[in-house]
Amino acid sequence: MKVSELLSRCGGGGSGKRGRRKSSSLPGSTQRHLRANDRKFNEQFKYADNFIKTSKYNIITFLPKNLFEQFQRLANFYFLVLMILQLIPWISSIVWYSTAIPLFFVLAFSAAKDAYDDIQRHRSDSQVNNRISYVVKSGQLVEEKWMNVKVGDIIRMENDQFVAADLLLLSTSEPHGLCYIETAELDGETNLKARQALPETFEMGDKLSLISDFRGEIVCEAPNNRLNQFEGKLSFGSSTLALDNDKMLLRGCVLRNTRWCYGVVVFAGKDTKLMMNSGKTKFKRTSLDRFLNILIMGIVLFLIAMCLMCTILCGVWEWTTGRHFTIYMDWDRTIVPKADEKSSQQIAIIAFLNFFSYIILLNTVVPISLYVSVEIIRFVHSMWINFDSAMYYKQADIPARARTTTLNEELGQVQYIFSDKTGTLTQNIMAFKKCSINGRSYGDLYGARGEIVEITESTQVIDFSRNKWYESSFKFYDETLLEDTRKGLHEVTEFWRLLALCHTVMPERKNGKLEYQAQSPDEAALTSAARNFGFVFKSRTANTITIEVNGMEEHYDLLCILDFNNVRKRMSVIVRNTSGDITLYCKGADTMIMERISSTTNELLKTATNQHLDKFAGEGLRTLCVAWKKIDADYFADWQKRQKAAALEMYNRQEKLDAIYEEIEHDMMLLGATAIEDKLQDGVPETIAKLASANIKIWVLTGDKQETAINIGYSCRLLTENMREVFVIDGETEREVEVQLKAVKRRLEQTLGSDVVRGEDTYNARLTQADIAFINPSDSVAKPQKGSQQNLDARGAIENQSHGNGLSAADDDEADTEGFALVINGHSLTHALKRNLEKTFLDIGCLCQAVVCCRVTPLQKAMVVDLVRRHKKAVTLSVGDGANDVSMIKTAHIGVGIS
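Each residue of the sequence shown is one higher than the last, beginning at 1 in full-length UniProt numbering.
See below:
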């Protein structure tokens, strides 16, 4: 159940060592069974406790494990063998410590660096494991360290605290059992998400006696890495209740705008979804290390060849001359049996022993100082990075920090960069920039001759101070919009009223100021814009919503919220004013809204709005269309009955709700469009341009929606209007994804030539008509145009320029094209990463100038990086800013964390 459903009226009624326990579940390990407040019952399953470990070594394992890693360097192993040979007096004329001492210093220097790096990880682990949580025991709250929390414990969380483990929400301080969480550490999204406790458990409130006596039993899925999915059931008393992801608080989330909440621990420690999505800390070997190994191997082979030659010559000399001089220098009879015979057998033994003597004598051919020099250079280089003023971020007083001293030289060899979006490419700060209302565009400034004037820092902003609710940070420059708003033009006032009502924003008062908490930065920007223009959203309950228009409060009954999702690409609210009039307000992707506009809508209005959408999108702004309609009360009463019935369905609930929503979202009146800017981090477009000029390919891996990622791609110039085509892979099934990949591959073969496009023969076959039928117009290969906001349509009404083979084609004669780009959704990526499709997906991605992967989980990010790393002889770099990026940072050759 999403927040809009929760807010609407029509939604229907131990043993084992710490951290190393095996996660037992029910037979088959497909389910987990636990009982709240009953540690004795839960201990039989030996579930993992809440201790986490990201470090590589401990006191016992450091020496053997670190030495094992260091002896993977061929030179180190060579000198170890050499030192052992020098301990044998029969073959060595050099003391063993002549090799042991420099080898010891090399190993000690590297070990000290590795120990320092791992100590930092231990400190981080200790800081997390020793955080304090409050566990309910015997009717009281008892302080427990995070690492001592067990599965089945009920813990109390307070506002702005990190969630200690994966919890089933039981009760909260907020009405209707709601609580709000920020999931930036999980999926990179900083917008708030709502969770709701079951009504049956919400009644316990914060009564410790009731919570302490709660003995509900949970049967749920086994630990897994799926962040957006949870299935289970809760049994207590005579009730058995269904559980889903909207009732779960995951480790790594932060509780927001909720004074307190209680939850029962379902997954702890390494079984939490956050840890399941974090890869293991791996020993990374650089390309220089691998090259040095090859170089050393070549030198060793050369040394062996010289020693073999000397051994053969020694044997010849001993046979022809040396054996006659044994009366002066006799052979050592302890190692040469039957030395008096002086036969070929004895000479062979002498020559064999001399082979190792030559190895020792000529050992300086292999330079032990080489690795010492490399380690010193790396260390000094890392210090340069730490003190480089050009890498210092003055605004946040953050210098660059080299967290390791073993990967520096790889920075100059990078060919693929994998980047998170939210907080890495963007600031995740949305700003209302322009809009179109009733066919008129607002937001641009015009000069005396009618030309558009560029807005700079010195441009005068509108003074909104007459509005007591205005925000000093809000900036808008076009006075005509404020004038038309104050004139009370009908379409303009309805436009702002829609933005003030059609959302799921939650208001709160802080220090006497009204602040908004939104699930989407877009919603926050639009609601804020309406507020500054005099349409102030002030409060809401599950049943009502209140706004203030020009100082006068307007109260509405909130009858229903029709959710946004990736299929609908729109959201609507149905409200009733004090006069009894029922109105539907809708906002969403232009393609979705335009299809549902009344046939009586003025064609000039539609044309003008579409032109404005094209213009806004061409400027890299995120666009939405807005529309409304009046609803007959009798029709709504009948529709509401059917909607409530669909909301209570246990199977295919969302599909049935979508069908019901479709019935009422039609014949709407077009109001206009909005344009929002998602501010980029400073210097992002220029950086991407420089990386592209260096032939470095950039893959954006984000948990954000597809339309959001595509818009940012254009804003930061990762995607450009000059690109020949943007391919979108968004099939729901493996078959659909396979067909779409075939289509893209054929298109590339037609354009680049089959010799360029290398792949498995399985996918070289021509598409059949049945294959073509799998490809919907909006799903197939498409040419980007300036335009819309959402999905593939995120840059405009994308046309399906199909030919006889079912594929869209670009104009091959078009000048100044810049290649191709690929966009793929997370659910499609699941299939594309399967063994039979991954090579084709990789071949296509590597032929594209840019790749954008949307709605991906942390584990999928790591799998994509690993795919490129395994199949391409190229150095990879991953950059991110949250815990959801840790896995891909560990997987790449080089990981960069943004703080």
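The beta carbon of each residue, even a glycine, is placed where N, CA and C say it ideally should be.
What you are looking at is a predicted structure, and each value in this text was computed from that prediction instead of being measured.
Looking only at its chain, what residues have a beta carbon closer than 6 Å to the beta carbon of residue i, apart from the 5 residues adjacent to it on each side?
| i | result |
| --- | --- |
| K270 | A48 |
| V684 | L425, C716 |
| I898 | T424, D881 |
| I894 | L407, E410, L877 |
| E734 | H831 |
| N550 | G534 |
| T527 | H503, V505, Y516, F537 |
| G713 | L719, V852 |
Below 8 Å on the Cβ atoms is my contact criterion, and I expect residue i with residue j to pass it. Report the Cβ-Cβ distance as a whole number of Å.
| i | j | result |
| --- | --- | --- |
| L85 | I359 | 7 Å |
| H831 | L822 | With 8 Å as the limit, H831 and L822 do not qualify as a contact, their Cβ atoms being about 15 Å apart. |
| A589 | R576 | Going by Cβ atoms, the distance from A589 to R576 rounds to 27 Å, so no, they are not a contact pair. |
| L670 | E494 | About 11 Å; that fails the 8 Å criterion. |
| C435 | Y442 | 5 Å |
| L558 | T544 | 6 Å |
| I676 | K745 | With a Cβ gap of about 36 Å, I676 and K745 do not count as contacting. |
| N277 | N225 | 5 Å |
| D125 | S55 | 6 Å |
| D704 | K421 | 6 Å |
Using a Cβ-Cβ cut-off of 8 Å, state whether residue i counts as contacting chain C.
| i | result |
| --- | --- |
| G139 | In the structure shown, chain C cannot be found, because there is only a single protein chain. |
Taking only the alpha-carbon atoms, compute the straight-line gap between residue i and residue j and give it to the nearest angstrom.
| i | j | result |
| --- | --- | --- |
| L877 | L829 | 20 Å |
| P507 | R195 | 17 Å |
| S239 | A164 | 28 Å |
| H555 | R596 | 28 Å |
| T258 | Q517 | 12 Å |
| S473 | D463 | 11 Å |
| K873 | I296 | 21 Å |
| Y635 | N467 | 39 Å |
| I347 | I304 | 20 Å |
| residue 900 | V737 | The structure shown does not extend to residue 900, since the chain is modelled only from 1 to 899, so the question has no answer here. |
| R540 | I547 | 9 Å |
| L186 | R251 | 9 Å |
| A112 | T404 | 12 Å |
| V149 | D213 | 18 Å |
| F139 | I155 | According to the sequence as given, residue 139 is Gly; it is not Phe. Looking at the two C-alpha atoms, the distance is approximately 12 Å. |
| E203 | A184 | 30 Å |
With 16 as the cutoff for other CB atoms within 10 Å, does residue i come out buried or exposed?
| i | result |
| --- | --- |
| K834 | exposed |
| M383 | exposed |
| K641 | exposed |
| E451 | exposed |
| L301 | exposed |
| L308 | exposed |
| V573 | buried |
| T702 | buried |
| W317 | exposed |
| E665 | buried |
| K63 | Contrary to the premise, residue 63 reads as Leu rather than Lys in this sequence. With fewer than 16 other Cβ atoms within 10 Å, it is exposed. |
| I132 | exposed |
Taking 7 Å as the line, does the beta carbon of residue i fall inside it for any heavy atom of the ligand GDP?
| i | result |
| --- | --- |
| N836 | With respect to small molecules bound, the structure shown includes none, and the ligand GDP cannot be examined in it. |
Mind checking whether residue i and residue j have CB atoms under 8 Å apart?
| i | j | result |
| --- | --- | --- |
| V265 | V151 | yes |
| Q70 | S110 | yes |
| V868 | C853 | no |
| L227 | A197 | no |
| R215 | F230 | no |
| L288 | E144 | no |
| M83 | A108 | no |
| F356 | I91 | yes |
| K510 | T583 | no |
| T311 | N363 | no |
| A525 | C586 | no |
| G263 | L168 | yes |
| L178 | Q519 | no |
In chain order, what residues of the same chain have a beta carbon less than 7 Å from the beta carbon of residue i, not counting five sequence neighbours either side?
| i | result |
| --- | --- |
| I688 | I698, C716, R717, L718 |
| S598 | D667, M668, M669 |
| D522 | M430, R622, I676 |
Below 8 Å CB to CB, which residues in the same chain sit around residue i once its five sequence neighbours on both sides are set aside?
| i | result |
| --- | --- |
| F41 | L34, R35, G152 |
| K538 | P507, L514, T546, I547, E548, E553 |
| Q681 | T424, L425, T426, Q427 |
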